[in-house]
Amino acid sequence: MNAELKDDLRRFLHWGPINLLTLTLIVTWTVVHMNSMWWAPGQSLGSVLNYTLIWAHTFGTLYHFIRSLMVGPGFVPLKWYPSVITDTLFLQFCTRCDGYKAPRSHHCRRCDRCVLKMDHHCPWINTCVGWSNQDSFVYFLLFFLSASIQGGIIIICAVVQGIQKRWWIRQGLRHMATVHLTPTNLMACVFSLGVIMGSALASIKLLYMQMKAILKNQTEIESWIVRKAVFRRTAYPGNRIKAFVFPYNLGWRANVCEAFLSAGDGISWPVLPECNEYSLTCEQLQQKKDKRARTRLFRCTRPATGHWVPIFSQGLWVSLQIPCTDDPRIALEPNDIMHVTRIQEYWLYGERVISKDDVERSRRRQGAIRGWFPSCCAVEMCEDCASEDYGAGGEPERKQDAPDKESREPDQEKSGKETITNRKILGNFPCEDGQHRKRLLVE
Ligand SMILES: [Zn+2]
Ligand SMILES: [Zn+2]
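If you count by full-length UniProt numbering, then the sequence shown holds residues 1 to 443, one letter each, in order.
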């Protein structure tokens, strides 16, 4: 079996596609069965059209679902770098893919690859929505929503007619009393109606988000980057940074054409005249630089298991305070160093620093290197003691900061090398949302 076929099979064998296909099968069976009693095909031209529409919806939904799953979002080739080598200064490096991240691409930890124009990871298709499958995904949602509306109307009409069966007979209109409700088909109708209503609401929301993303040519992740870009410029009035212009919004007509018609390669994108192809990646690099300035160093003193509910290793109280996100939990060993960027009273979020020792021994530990861990497993180290023995895990240290083509800002990096010491946290921790979280005391 070749690797591509294996990959497609692996994507299918997941709770998302399996559940979606099973539910589609049950709902379709219910709709066809009820329709055959309520408005049997062959009675009139309308009934034939209605019956044809049921199958057109079913096949359209399945075709675009399978297509968006099998085509996939498009991945940046492993070990990719730009054709002009100096352009690497404007790009982020991905250690997982061992290559540079092309403009608009992001690393998806579930796909474990850098995804071209990544929008989001969809569990129902068990892959990301990105450059090459966004159009199929939108068609799938449209067919799905339309099929849900038709299916819902058929089931409701059939059930109502079934309930009124005796009344129709009493009125002498036996030809209207065609729907026979049984416990089985009634249960199937109630179940299918629940599925239809839930999935229709979900598809309306997803369709709205996708259409907004297409009309503005701005993925969900890029919207987040733009919000941070605005925040960077307004939160610190002292910063004289040039206003950020999102480079890919070429007007809604051009954006729609780009999403549904343009071939392209998923790596180079047309941009506004006042921008360049690295405007967004330069802004991302600056945001990373700001984030590094806010980062605190922690050293692990007790092992962390990486379990979602570490009730046996950390106790009930820590387990009850788990962060409400689907970010990974990471396993740590004593003396691991962490770059912590988010803090809660009982949990910290950070990235494990890969030590020189790990690199030399080419040791790669299982599991994520970025995620949540219990705060009682680590103590904070001196802020400025960025040791020479460690390099950041997510991105290689640059000898010089990437030159920014469009903006200037005061250097926020701090210099100085001190020895690593544990200490108490003396101030409140500034979080990403600009608020100060409750102070954490550690020895
Ligand atoms: Zn990657
Ligand atoms: Zn993904």
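From the three backbone atoms N, C-alpha and C, an ideal C-beta is built for every residue, glycine too. Please read these numbers as outputs of a predicted model, since none were measured by experiment.
Exercise. For Pro-17, which three-state DSSP category applies?
Worked result: helix
Exercise. Using 8 Å as the threshold, is the region 246-265 in touch with the region 307-316, meaning 3 or more CB pairs across them?
Worked result: no
Problem set entry | Separation of Glu-283 from Cys-377, as counted between CA atoms | 34 Å
Problem set entry | Three-state secondary structure assigned by DSSP to Ile-204 | helix
Exercise. If you scan the region 3-69 from start to end, which runs of the alpha helix (DSSP H) of 4 or more residues do you find wholly inside it?
Worked result: 3-12, 15-38
Exercise. Can you name the start and end residues of the alpha helix (DSSP H) that Phe-312 belongs to?
Worked result: 311-314
Exercise. Cβ of Arg-113 within 7 Å of any heavy atom in ligand 1?
Worked result: yes
For this session: Within its chain, find whatever has a CB closer than 6 Å to the CB of Gln-321; leave out the 5 residues flanking it on each side and keep chain order.
Result: Tyr-346
Exercise. CA-CA distance, His-107 and Pro-183?
Worked result: 50 Å
Exercise. Short check: CB of Val-340 to CB of Thr-295, under 8 Å?
Worked result: yes
Problem set entry | Assigned secondary structure, His-338 (DSSP; H/G/I helix, E/B strand, else coil) | Correcting the residue identity first, residue 338 is Met in this sequence and not His. It is a strand residue.
For this session: Have a look at the DSSP bridge pairing and note the partners of Val-115.
Result: Phe-75, His-106
Problem set entry | Nearest residue (CA-CA) to Asp-265, options Pro-17, Ala-102, Trp-15, Gly-46 | Ala-102
For this session: Using the Cα positions of Ile-204 and Phe-143, report the straight-line distance between them to the nearest angstrom.
Result: 11 Å
Exercise. Candidates Lys-6, Ser-105, Leu-215, His-175: which alpha carbon is nearest Ser-268's?
Worked result: Ser-105
Exercise. Considering only the beta carbon of each residue, do Met-34 and Ile-154 sit closer than 8 Å?
Worked result: yes
For this session: Using alpha carbons as the reference points, say which of His-14, Gln-344, Arg-10, Asp-336 lies closest to residue 444.
Result: With the chain running from 1 to 443 in the structure shown, residue 444 is simply not present.
Exercise. Would you call the CB atoms of Ile-225 and Arg-233 closer than 8 Å?
Worked result: no
Problem set entry | Cut-off 6 Å between Cβ atoms - residues of its own chain near Gly-371, not counting five sequence neighbours on either side | Asp-327, Pro-328, Arg-329, Ile-330
For this session: Would you check if the distance between the CB atom of Phe-75 and the CB atom of Arg-109 is smaller than 8 Å?
Result: no
Exercise. Ser-146 and Ile-196 look like a contact to me (Cβ under 8 Å); what is the Cβ gap, rounded to whole Å?
Worked result: Between Ile-196 and Ser-146 the Cβ distance is about 12 Å, and since that is not below 8 Å, they are no contact.
Exercise. Do Leu-53 and Gln-150 have their CB atoms nearer than 8 Å?
Worked result: yes
Exercise. For Thr-281 versus Leu-91, is the C-beta distance shorter than 8 Å?
Worked result: yes
For this session: Spatial neighbours of Ala-40 within its chain, please: CB distance less than 7 Å, with the 5 preceding and 5 following residues excluded, ordered by chain position.
Result: Ser-47
Problem set entry | Where Glu-277 sits in the DSSP three-state scheme | coil
For this session: Specify, as a first and last residue, the run of the alpha helix (DSSP H) that Arg-240 falls within.
Result: Counting along the chain, Arg-240 falls outside any alpha helix (DSSP H), and DSSP gives it neither H nor E.
For this session: Give the secondary structure of Pro-323 by DSSP, where H, G and I count as helix, E and B as strand, and everything else as coil.
Result: coil
For this session: Could you spell out where the beta strand (DSSP E) holding Phe-373 opens and where it closes?
Result: 370-374
For this session: Please name the residue or residues paired with Arg-299 in a DSSP beta bridge.
Result: Ile-337, Val-379
Exercise. Do the region 211-230 and the region 52-67 meet, that is, are 3 or more Cβ pairs less than 8 Å apart?
Worked result: no
Exercise. Which one of Arg-166, His-175, Val-179 has the shortest CA to CA distance from Val-159?
Worked result: Val-179
For this session: Taking all protein chains shown into account, decide if Ile-369 is buried (16 or more other Cβ within 10 angstroms of its Cβ) or exposed.
Result: buried
For this session: Thinking Val-129 and Cys-122 are a contact (beta carbons under 8 Å), I'd like their distance in whole angstroms, please.
Result: 5 Å
Problem set entry | CB-CB length for Asn-133 against Ser-68, believed under 8 Å | 4 Å
For this session: Ignore the nearest five residues each way along the sequence and tell me which others in Lys-79's own chain have a CB closer than 8 Å to its CB.
Result: Cys-97, Asp-98, Gly-99
Exercise. Are there 16 or more other CB atoms within 10 angstroms of the CB of Asn-2, so buried, or fewer, so exposed?
Worked result: exposed
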